[in-house]
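Here's the structure, in structure tokens; my notes come after.
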Amino acid sequence: MIDILIQLGLSRTESLVYKTLLDVGPCFVAPLVSATRKHRQIVYNALETLEERKLITVTQKNGKHLFAVGDPNRFLLDLKQKEVLATQVISEVSRSLHDEREQVDVFHGHAPAVSDFRMRARQAGEYIVVRGESKGWFHYSRPFFKEHVEELRKIKHAGIDIMIMFFEYERRNARELVGSYLKQPYSCKIAHDQYRIPYSFWLAGDHVYVLTPAVDPRVVHIQSKVFAEHHREYFWNNWKRAQFLD
154 MIDILIQLGL
164 SRTESLVYKT
174 LLDVGPCFVA
184 PLVSATRKHR
194 QIVYNALETL
204 EERKLITVTQ
214 KNGKHLFAVG
224 DPNRFLLDLK
234 QKEVLATQVI
244 SEVSRSLHDE
254 REQVDVFHGH
264 APAVSDFRMR
274 ARQAGEYIVV
284 RGESKGWFHY
294 SRPFFKEHVE
304 ELRKIKHAGI
314 DIMIMFFEYE
324 RRNARELVGS
334 YLKQPYSCKI
344 AHDQYRIPYS
354 FWLAGDHVYV
364 LTPAVDPRVV
374 HIQSKVFAEH
384 HREYFWNNWK
394 RAQFLD
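The sequence shown begins at 154 in our numbering and counts up by one.
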């Protein structure tokens with residue numbers, strides 16, 4: 154069940170806490186800490202995220218927080234919302250490119266898209282990633298992530314900066330995803346949430362890759378000078394105000 158929960162967008166810790174709460178039933182935090190063998194603060198962080206997504210309920214009993222699994226239909230609602238958002242992103246991209254009539258491709262799955270992006274980055278001398286949506290893509294890229302990092306180190310060795318920008322709400326995720334790879338190869342910054350966009354994108358030269366937050370991961374590749382310059386300007390405006398991940 155934990156692997157399924159991860160596919161639905163939860164982190165491994167959040168999935169473990171949710172599954173444990175389902176098994177134990179309504180309880181205070183102590184039984185969850187004991188059952189998961191996680192630090193209390195880590196469990197609290199997971200519970201906070203689950204509550205924000207309305208996957209659990211929190212009530213007061215004897216002055217303490219009592220946690221319980223919420224309505225499971227929230228998973229379906231979240232997926233429907235992501236599908237709607239994905240459709241909107243693709244629609245907006247199509248409209249913005251209507252006059253320019255540049256190349257547009259759709260990759261189904263991240264592995265071929267990542268490989269294509271690395272090739273464009275080598276050619277353009279530019280590698281920019283902005284993480285504007287949820288953590289789901291890391292689940293899909295996990296099988297080839299270490300190999301991807303090794304390829305990025307080769308690109309960095311060639312003198313190309315590997316820049317990735319997260320937003321404040323994903324600070325913990327940023328540490329989990331790239332914390333072990335800071336400077337080797339990643340330069341990573343955290344920007345203010347108020348500037349966040351509802352999708353992630355990769356940028357290399359005139360090539361923009363838009364990650365749609367859908368269940369079946371799709372990456373829309375757009376070759377467009379105008380579209381690329383718009384996203385480049387957005388990136389640099391926020392990068393200069395952002396703080397390096399410590």
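We put the beta carbon where it would ideally sit given N, CA and C, even for glycine.
Apart from sequence neighbours up to five positions away, the residues of its chain that approach Val177 with a beta-carbon distance below 8 Å are Pro184, Leu185, Ala188, ordered along the chain. Around the beta-carbon of Glu323, 16 or more other beta-carbon atoms lie within 10 Å, marking it buried.
Distance from His301 to Val331 at the Cβ level is roughly 11 Å; contact not present, criterion being Cβ atoms closer than 8 Å. The Cβ atoms of Ala327 and Ile343 sit closer than 8 Å to each other.
Taking C-beta separations shorter than 6 Å and ignoring five residues to either side along the sequence, the partners of Asp258 in its chain run His374, following chain order. Val196 and Ser353 have their C-alpha atoms spaced approximately 27 Å apart. In the same chain as Leu208, and ignoring 5 residues on each side of it, the C-beta atoms closer than 7 Å to its own belong to Tyr171, Gly223, Arg227, in chain order. In the DSSP secondary-structure assignment, His374 is bridged to Asp258, Tyr362. DSSP, read as helix, strand or coil, puts Tyr171 in helix. Of the other Cβ atoms in all chains shown, fewer than 16 fall within 10 Å of the Cβ of Glu201; this residue is therefore exposed. Scanning its chain for C-beta atoms nearer than 6 Å, with the 5 sequence neighbours on each side dropped, one finds around Thr173 the residues Leu185, Ala188, Thr189, in chain order.
Ranked by Cα distance from Glu279, the first of Phe298, Met316, Ala264, Phe220 is Met316. Cβ-Cβ distances below 7 Å link His384 to Phe354, Leu356, Val361 in the same chain, with the five nearest sequence neighbours on each side left out; the list follows chain order.
Listed in chain order, the non-local C-beta contacts of Pro296 below 6 Å within the same chain number zero, local neighbours out to five positions each way being set aside. DSSP places Gln213 inside the beta strand (DSSP E), whose first and last residues are 209-214.
In the same chain as Ser168, and ignoring 5 residues on each side of it, the C-beta atoms closer than 6 Å to its own belong to Ile155, Leu158, Ile159, in chain order.
A straight-line Cα-Cα distance of about 7 Å links His345 and Ala395. For Leu230, the three-state secondary structure derived from DSSP is helix. By the Cβ-count criterion, Arg193 is exposed, with fewer than 16 other Cβ atoms from all chains shown falling within 10 Å of its own Cβ.
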